[in-house]
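In this note's numbering, the protein residues as written are 523 to 816.
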């Protein structure tokens, strides 16, 4: 069974923010129609049922198309995906290639490479946009738009975070984000280094869990480059240099790799561009569904 849907009434809200990243500005009023969204990100167990039922092969499990990667050796076109690996110590934060590595054999079943495993109740990762869309279609749902996602994440609030304006609520850690010093020391969020079981951290006021942290989530909205200055980096989400930048999709929510000194995007207003053919160890998704007007 797919995740339980939470029906939201829709309405107007202020989308965006100031004081953080340029692509979040300017804040503006946005109206969304009534819709339903899944309470939690799609888990490994649910994605496995989809694959077992359909025989679907994810992008990370398919060999790379030589036409899209001219000049790349045939041996480097094996199926694989991007894997985060912490550095051995402090490094400059200007080049994400220091901690992101292409790993042959990395996919949703083995997110960190051939010798890695998954837990059923953790969010599925190493899913490209097409993989998420295929699952959504199989369960009779769709991916949310960026506006729907942000409306849902805010939980009816206009604060910096869904729980208030401080990163912790009365000292309590409210989301799975990087704890320590990025990218070399992660002390774990409530004991979890990497993804955590869905629902480990408190729900927002709409009853939705993991809207902030744990994994970035795909939305159906193309990323608007006009809202982001040329040359600005994509935070902790590496972009595929071979991909057409006009085809990037918008990610929301931040992940377990977001650290304040590098990626302060674990907020409802935050956004990040991503090539739809990219699979990583910190991108997942949840589904949505239109509902009749109330």
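A virtual CB, placed ideally from N, CA and C, is assigned to each residue, including glycine.
Residue 810: member of the beta strand (DSSP E) spanning 810-812, first to last residue. Annotation: the continuous alpha helix (DSSP H) that includes residue 573 extends over 566-576. The beta carbon of residue 727 lies closer than 6 Å to those of 677, 678 in the same chain, with the five residues before and after it left out. In the same chain as residue 600, and ignoring 5 residues on each side of it, the C-beta atoms closer than 6 Å to its own belong to 626, in chain order. Contact between the region 655-662 and the region 531-543 is absent: fewer than 3 CB-CB pairs across the two stretches fall below 8 Å. In this structure, residue 737 keeps its C-beta atom at 8 Å or more from the C-beta atom of residue 786. Beyond the five residues adjoining it in sequence on each side, residue 535 comes within less than 7 Å, by CB distance, of 552, 673, 676 in the same chain, given in chain order. In the DSSP assignment, residue 787 forms no beta bridge with any residue.
In the three-state scheme derived from DSSP, where H, G and I count as helix and E and B as strand, residue 805 is classed as strand. It is roughly 7 Å from the alpha-carbon of residue 561 to the alpha-carbon of residue 525. Counting along the chain, the unbroken alpha helix (DSSP H) around residue 676 starts and ends at 668-676. Within the model, the alpha-carbon separation for residue 647 versus residue 579 is close to 14 Å.
The continuous alpha helix (DSSP H) containing residue 659 extends over residues 651-660. In this structure, the CA atom of residue 814 is about 7 Å from the CA atom of residue 556.
Residues of the same chain with a CB within less than 8 Å of the CB of residue 773, apart from the 5 flanking positions on each side, are 738, 739, 740, 741, 759, 793, 794, 795, 796, 805 in chain order.
Pairing residue 527 with residue 811 gives a Cβ-Cβ distance under 8 Å. The C-beta of residue 694 has fewer than 16 other C-beta atoms within 10 Å across all chains shown, which makes the residue exposed. Taking all protein chains in view, the Cβ of residue 565 is crowded by 16 or more other Cβ atoms within 10 Å, so the residue is classified as buried.
One alpha carbon belongs to residue 769, the other to residue 801, and they sit about 15 Å apart. Contact between residue 799 and residue 628 is absent: CB atoms are separated by about 14 Å, not below the 8 Å threshold.
Contact between residue 789 and residue 682 holds: their C-beta atoms lie close to 6 Å from each other, under 8 Å.
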